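Step one of this worksheet: look at the structure below.
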Amino acid sequence: MKISTKGRYALRMMLDLAEHRNDGFIALKDIAKRQNISKKYLEQIVALLNRTDVLLTNRGSQGGYRLAQLPEKYTVGNILRITEGSISPVADWDSEHCRRENPTTAMAFEVWRGLEKVITEYLDGITLQDIIDKFGGTARYEYYI
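In terms of the working numbering, the sequence shown has 145 at position 145, counting the first letter as 1, and numbering is strictly consecutive.
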């Protein structure tokens with residue numbers, strides 16, 4: 001599994017919004033400047049995030065984005081699922097198909113299923129608030145997984 005730039009930048013954007021949640025709606029240009037990410041790229045990420053109602057949007061001169069919930073409600077796993085589609089380490093695995101196809105394939109499947117469980121538990125166990133608490137809200141981080 002490799003996390004794309006879109007997934008990494010989405011996490012940074014969500015962290016930025018979490019850190020500035022008391023500032024009202026935040027313009028994408030401000031996030032782009034603070035995070036050194038293209039505003040155009042952030043627009044693509046916002047389009048994905050808006051499909052799942054994780055952001056509130058306000059149009060107009062005071063427009064921008066803010067988190068729909070508190071930072072402790074958002075996990076890294078959920079953000080990555082929105083942007084990456086899946087956080088599974090192996091694509092297209094089906095346990096029933098594996099068992100019918102080849103017993104050795106089914107045994108290997110158990111390894112991948114175990115890895116997926118560890119990855120999922122880890123990423124779903126980290127919230128935006130956890131990251132902010134760990135780094136003191138510096139807005140100059142990249143959380144490495």
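We treat Cβ as the ideally placed atom computed from N, Cα and C, and that holds for glycine. Just so you know, these numbers come straight off a predicted model, no measurement behind them.
Closer than 6 Å by C-beta to residue 118: which residues in its own chain qualify, once you throw out the five before and the five after it? Chain order, please. Excluding positions up to five away in sequence, the list is empty.
Exposed or buried, what is residue 7 when buried is set at 16 or more other beta-carbons lying within 10 Å of its beta-carbon? Buried, since its Cβ has 16 or more Cβ neighbours within 10 Å.
Going by other Cβ atoms of all chains shown within 10 Å of its Cβ, with 16 needed for buried, is residue 5 buried or exposed? With fewer than 16 other beta carbons inside 10 angstroms of its own, residue 5 counts as exposed.
Drop a sphere of 10 angstroms on the beta-carbon of residue 65, count the other beta-carbons inside from all chains shown, and report buried for 16 or more, exposed for fewer. Of the residues assessed, residue 65 falls on the buried side of the cut-off, its CB having 16 or more other CB atoms within 10 angstroms.
Assess contact between the segment 36–55 and the segment 106–118, defined as three or more Cβ pairs (one per stretch) separated by less than 8 Å. Is contact present? The segment 36–55 is not in contact with the segment 106–118.
Every unbroken alpha helix (DSSP H) within the segment 99–127, with a cutoff of 4 residues, ordered by chain: Correct list: 103–124.
Using the C-alpha atoms, what's the distance from residue 59 back to residue 22? Straight-line Cα distance between these residues: approximately 18 Å.
Find the nearest neighbour of residue 120 within the set 88, 104, 129 and 135, judged by alpha-carbon distance. From the listed residues 88, 104, 129 and 135, the smallest Cα separation to residue 120 is found for 88.
Residue 10 versus residue 79: straight-line alpha-carbon distance, rounded: Going by the C-alpha atoms only, they are around 7 Å apart.
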